[in-house]
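Using our numbering, the first residue of the sequence shown is number 2, and each one after it goes up by one. Virtual Cβ for every residue (Gly too), placed ideally from N, Cα, C. A short worksheet on the structure shown next.
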Amino acid sequence: MPIKVLDPKVVAQIAAGEVVERPASVVKELIENSLDAGSSQISIEIMGGGVSLIRVTDNGVGIPAAEVGLAFDRYATSKIASLDDLESIQSLGFRGEALPSIAAVAQVDVLTCTAGEGVGTYLSLKEGAIAARRSQGRSQGTTVTVRNLFRKIPARLKFLKSVATENSHIANVVSQYALAFPEVRFSLSIDGRVILRTAGSGRLVDSIVEVYGAEVAENMIELKETTLMPRLSGMVGLPKVSRTGRGYLSFFVNRRWVNSRLLARAVEEAYHGLLLVGKHPMAVINTWLPPAEVDVNIHPTKSEVKFRNENAVFGAVHRAVRQVLTEQATVPEARAVTKEAIFPLPPRQPVPAPVTEVGYSPPTPPPTPALALPVLRVMGQLDNTYIIAEGPDGLYLIDQHAAHERVLFEKVQNQRLKKELEVQGLLEPMTLEVSPRQDAVLRAHYTDLAEFGFSIEPFGDRTFLVRAVPALVYNKDWVGIIKELLDSFSEVDKGGWVEAIARTIACHSAVRAGQALADAEMRELIRQLEQSANPHTCPHGRPTMIHLSSGQLKKEFGRT
Ligand code: ADP
Ligand code: MG
């Protein structure tokens with residue numbers, strides 16, 4: 002093909018890809034514009050996962066009639082005029098790319114009115130070009146309506162996940178901004194149902210109540226304000242409200258919602274020794290720095306930042322979080338669990354055998370044992386964590402939790418297929434409150450959970466009624482299990498999700514490390530493991546056992 006300059010429409014669509022990856026990116030850009038316009042009220046309406054409709058209405062300063070068209074030109078912005086302005090940037094936007102990018106991949110209408118104008122302006126764009134324009138009344142503020150997102154770009158549309166997943170990303174974006182701007186009243190409705198509404202009281206804890214629920218909010222503690230640079234504010238969770246995923250860390254730099262591995266690490270390290278293995282803290286942290294100390298222009302989505310002095314920021318966050326945690330009286334409640342082998346086992350790969358005088362070295366031990374497990378005789382328990390057993394060919398050290406997880410995982414999967422799951426009804430139905438993000442997933446997928454014995458039905462705004470749970474988890478923290486599953490949803494596809502349900506149920510119902518087991522219990526567990534189709538690994542892929550063959554033992558003791 003000869004070299005040609007691309008058609009401007011194609012250029013616009015390619016460029017739009019950098020800013021608008023999915024419906025939630027549109028929501029993020031529109032909210033940022035509303036916040037930059039000084040709005041105290043922002044409402045967001047979503048239909049069809051954001052593909053059919055995204056509408057953001059605010060009561061900000063509005064766009065003057067003469068500038069409405071210009072706002073859709075590439076690199077047209079009212080927020081900076083020169084590169085120097087970036088050094089003192091206060092606004093969330095500055096690249097002048099969002100509106101033209103959105104208009105390149107969707108149909109956009111805007112209705113806006115400023116304080117000085119008697120009447121507002123309506124503008125409609127199709128394929129990036131103005132299709133209609135007229136005067137129309139409205140109070141001060143702006144409404145941007147985006148329809149048929151990616152309709153003309155099948156490649157993009159194909160990459161979108163289910164409506165529930167896209168909704169959950171949208172709910173997350175709105176939740177984050179609700180946390181960053183507690184003084185703004187946010188409302189989010191998805192397919193006609195309001196799933197998040199904040200009061201705009203200006204108090205972070207009120208936003209936390211709306212986003213994560215009252216129970217979490219009660220267990221969050223406030224960071225102490227410091228005058229040092231960077232200034233920090235926000236709240237962090239007590240170790241007991243920790244979560245299984247990292248999705249509960251919110252960072253805002255000069256009120257910009259950012260992804261920052263540096264900040265995440267600073268917080269995680271501050272919790273060192275306070276959380277169980279695999280648990281992550283909850284935190285909402287605002288970092289305030291002079292704009293010149295942070296570069297916000299390293300990515301088109303502006304969601305990553307670079308600090309001029311990373312060490313200072315890391316240290317300040319780490320110290321501030323650690324300080325409030327150690328001051329908390331309840332902290333000793335948490336117990337760090339480390340699962341270190343206390344038995345000085347030889348390395349799993351046998352060390353080369355000493356060469357004897359005649360240069361003979363023993364034959365290499367047989368390869369990894371076949372998948373099936375031989376019949377084992379239980380000899381005892383080590384450290385309340387490992388079962389010691391003897392087999393026809395040596396010693397087996399079995400991780401009781403991992404082994405039980407494997408057994409339960411297969412049991413749950415089989416029972417689900419045969420529709421024979423043991424279900425335990427609750428004495429009284431219980432209401433389950435979920436976050437906006439979790440709501441989006443649960444509403445669409447509670448029937449998948451039903452296949453595993455969770456009888457859950459929608460009850461009201463972000464509330465569900467639970468009537469029964471799998472018998473296995475009846476006495477466990479099944480609310481935690483459900484929430485953990487909902488949080489993991491967007492990371493897996495449908496097949497992976499069903500497996501994740503089985504895995505999570507198994508993990509939470511299995512015996513723990515540190516739990517003393519009676520001989521009969523150990524024998525039963527081993528008997529079940531012997532029957533497993535895949536006894537050597539737990540459902541997460543970790544080994545369930547270490548096998549030392551008689552040959553390896555002899556070699557270790559130098560008896561060749
Ligand atoms: P940027 O936010 O980077 O300036 P955008 O493409 O998002 O670029 O918006 C272009 C311009 O349109 C903004 O600079 C602003 O002047 C105006 N604008 C967009 N949305 C709003 C809104 N909700 N209220 C007032 N002005 C707006
Ligand atoms: Mg913008």
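Opening and closing residue of the beta strand (DSSP E) in which residue i lies
i      : result
Ile43  : Gln42 to Met48
Glu223 : Met221 to Glu223
Pro459 : Ser456 to Gly461
Leu54  : Leu54 to Asp59
Ala284 : Ala284 to Trp289
Ile389 : Tyr387 to Gly392
Buried versus exposed, by CB contacts within 10 Å (16 or more), residue i
i      : result
Asp37  : buried
Ser140 : exposed
Arg257 : buried
Tyr272 : buried
Asn415 : exposed
Gly274 : exposed
Ser35  : buried
Asp478 : exposed
Glu167 : buried
Ile4   : exposed
Thr122 : buried
Val175 : buried
Gly235 : buried
Gly542 : exposed
Lys29  : buried
Gly138 : exposed
Pro155 : exposed
Gly94  : buried
Asp74  : exposed
For residue i, the first and last residue of its enclosing alpha helix (DSSP H)
i      : result
Asp207 : Leu205 to Tyr213
Gly18  : Pro9 to Val20
Lys32  : Per the sequence presented here, residue 32 reads as Ile, with Lys not at that position. Unbroken alpha helix (DSSP H) run through Ile32: Pro24 to Asp37.
Arg468 : Careful: Arg468 lies outside any alpha helix (DSSP H), inside the beta strand (DSSP E) at Thr464 to Pro471.
Lys159 : Pro155 to Phe160
Ile4   : Neither: Ile4 is in no alpha helix (DSSP H) and is coded neither H nor E.
Contact set for residue i: own chain, Cβ-Cβ below 7 Å, skip 5 residues either direction
i      : result
Glu406 : Ala507, Cys508, Ala511, Cys539 and Pro540
Pro393 : Pro375
Gly360 : With a pLDDT of 35 at Gly360, under the threshold of 50, the predicted position of this residue should be treated as unreliable, though the coordinate-derived value follows. The answer is none, since no qualifying residue turns up.
Leu486 : Ala501, Ile502 and Thr505
Beta carbon of residue i nearer than 8 Å to that of residue j
i      : j      : result
Leu427 : Arg468 : yes
Ile527 : Ile388 : yes
Thr58  : Ser44  : yes
Thr78  : Val111 : no
Ile81  : Ile90  : yes
Leu233 : Ala293 : no
Ser436 : Tyr178 : no
Leu197 : Glu211 : yes
Ile171 : Ala16  : no
Ala133 : Leu100 : no
Gly70  : Ile32  : no
Gly117 : Asn60  : no
Leu443 : Phe410 : no
Ala472 : Glu423 : yes
Leu377 : Glu525 : no
Pro65  : Thr146 : no
Val242 : Val259 : no
Val27  : Leu126 : no
Val195 : Asp462 : yes
Leu239 : Gln324 : no
Cβ-based neighbour list, residue i, same chain, cut-off 8 Å, excluding 5 preceding and 5 following
i      : result
Val338 : Its pLDDT being 33, under 50, Val338 is placed unreliably by the model, and the measurement read from it follows with that caveat. Counting only Cβ-Cβ distances below 8 Å, and skipping sequence neighbours, we find Leu277, Val278, Ala514 and Gly515.
Leu554 : Gly395 and Leu396
Ala517 : Gln382 and Asn385
Pro347 : Residue placement at Pro347 cannot be trusted, given a pLDDT of 31 that sits under 50; what the coordinates show is reported in the next sentence. Correct list, in chain order: Leu549, Gln553 and Glu557.
Leu161 : Arg23, Pro24, Gly50, Val52, Phe151 and Glu167
Residues near residue i by beta carbon distance below 6 Å, same chain, minus five either side
i      : result
Pro301 : Glu19 and Val20
Pro9   : none
Lys153 : none
Glu46  : Arg56 and Ser190
Glu98  : Val20
Phe253 : Ala181 and Asn287
Q. Counting only runs that start and end within the segment 490–561, where is the alpha helix (DSSP H) found for 4 or more residues in a row?
A. Within the segment 490–561, the complete alpha helix (DSSP H) runs of at least 4 residues fall at 495–510, 520–531 and 551–557.
Q) What residue ranges within the segment 218–282 form continuous alpha helix (DSSP H) runs of no fewer than 4 residues, ordered along the chain? A) 262–271
**Q.** beta strand (DSSP E) runs contained entirely in the segment 63–115, provided each spans 3 or more residues
**A.** 108–114
Q | beta strand (DSSP E) segments (min. 3 residues) lying fully within the segment 407–444 | A | 424–434, all fully within the segment 407–444.
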